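Reading through the structure tokens given below for one structure.
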DNA sequence: TATATTTGACCAAAATTAGACAAGTACATA
DNA sequence: TATGTACTTGTCTAATTTTGGTCAAATATA
């Protein structure tokens, strides 16, 4: 059994994911925005990753779209992380270090 | 030629690094704190990664200790990242996603 | 008992968040 | 061409968070 290499692994962001879900559900921005209790302009920015979404809203999205909540949360957190390393020269090495720290911590309280 | 596995790769934090440098230079906290223009209590927190250091202070540290500035900056940034993913369940996957995003961005403006 | 370090409580100032709102685009089509 | 619909974007703002500490008291440590 050969392992298939993932050739084009998409670097999906939360905004892209939300847009995808919304379109699959056939909703307009205004409709989804209404469900979330925000304005359509704001949702547009969220989908373009120009504004972060409140964390609680992930739950609402999850109820609407029945997508694995872990995925949304992971993308949400990734956006936060990315926004602080985005224009840093040492972005990649910092991420590696942080990763080690997380792993190390997980070991300790395992 | 066999690849040697790194058995105990140190997950060094900025605080640990600063303490190491300070002790190697034979300085007391109060002395280094004075050089940096901060109180000893604050430096203690910095060394224990309970408070972040101002970024400019990295430069001062670098002048004092002649350590590669990139390393300090990377650790400094890593601390910021770690502080936001620290108690998140999806910390690791979020870091992976963020990493992909950084790589993707680097590709684009390469 | 000194000396060194840690910790908790507190704080002002600065930055970020979570939006609203209006104006601007894009695009289809009557 | 004009019009409508969907989306984007710039500017503004109040409220909240974070930053960058201080100081005194509590703990090591020698």
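Residue numbers (this note's numbering), protein chains in the order written: chain A, 269 to 378; chain B, 269 to 378. C-beta: ideal position from N, C-alpha, C; glycine also. No experiment lies behind these values; they were computed from the predicted model shown.
DSSP on residue i, reduced to helix/strand/coil?
| i | result |
| --- | --- |
| residue 322(A) | coil |
| residue 306(B) | coil |
| residue 351(A) | helix |
| residue 295(B) | coil |
| residue 361(B) | helix |
| residue 341(A) | helix |
| residue 279(B) | coil |
| residue 316(B) | coil |
| residue 334(A) | coil |
| residue 356(A) | coil |
| residue 374(B) | helix |
| residue 272(B) | Note that residue 272(B) has pLDDT 41, beneath the 50 cutoff, so the model's placement of it is unreliable and the number below is only indicative. If DSSP states are grouped into helix, strand and coil, residue 272(B) belongs with coil. |
List the residues of chain B that residue i touches, going by C-beta distances under 9 Å, in chain order.
| i | result |
| --- | --- |
| residue 281(A) | 365, 369 |
Is residue i buried or exposed, if buried means 16 or more other CB atoms sit within 10 Å of its CB?
| i | result |
| --- | --- |
| residue 375(B) | exposed |
| residue 285(A) | buried |
| residue 323(B) | exposed |
When the distance is taken between beta carbons, is residue j closer than 8 Å to residue i?
| i | j | result |
| --- | --- | --- |
| residue 353(A) | residue 343(A) | no |
| residue 292(B) | residue 312(B) | no |
| residue 345(A) | residue 356(B) | yes |
| residue 349(A) | residue 314(B) | no |
Mind pulling the chain A residues with CB within less than 7 Å of residue i?
| i | result |
| --- | --- |
| residue 361(B) | 342 |
| residue 372(B) | 279 |
| residue 348(B) | 352 |
Below 9 Å on C-beta distance, what does residue i contact in chain A?
| i | result |
| --- | --- |
| residue 345(B) | 352, 353, 356, 358, 359, 361, 362, 363, 365, 366 |
Please report the Cβ distance between residue i and residue j, rounded to the nearest whole angstrom; I am assuming they are in contact, meaning their Cβ atoms lie under 8 Å.
| i | j | result |
| --- | --- | --- |
| residue 304(A) | residue 328(A) | 6 Å |
| residue 325(A) | residue 347(A) | Actually they do not touch by this definition, with Cβ atoms about 13 Å apart. |
| residue 358(A) | residue 319(B) | Their Cβ separation, rounded to whole angstroms, is 21 Å, which puts residue 358(A) and residue 319(B) out of contact at 8 Å. |
| residue 340(B) | residue 282(B) | 7 Å |
| residue 279(A) | residue 372(B) | 4 Å |
| residue 370(A) | residue 360(B) | 6 Å |
For residue i, go through chain B and note every residue whose CB falls closer than 7 Å to its CB, in chain order.
| i | result |
| --- | --- |
| residue 338(A) | 358 |
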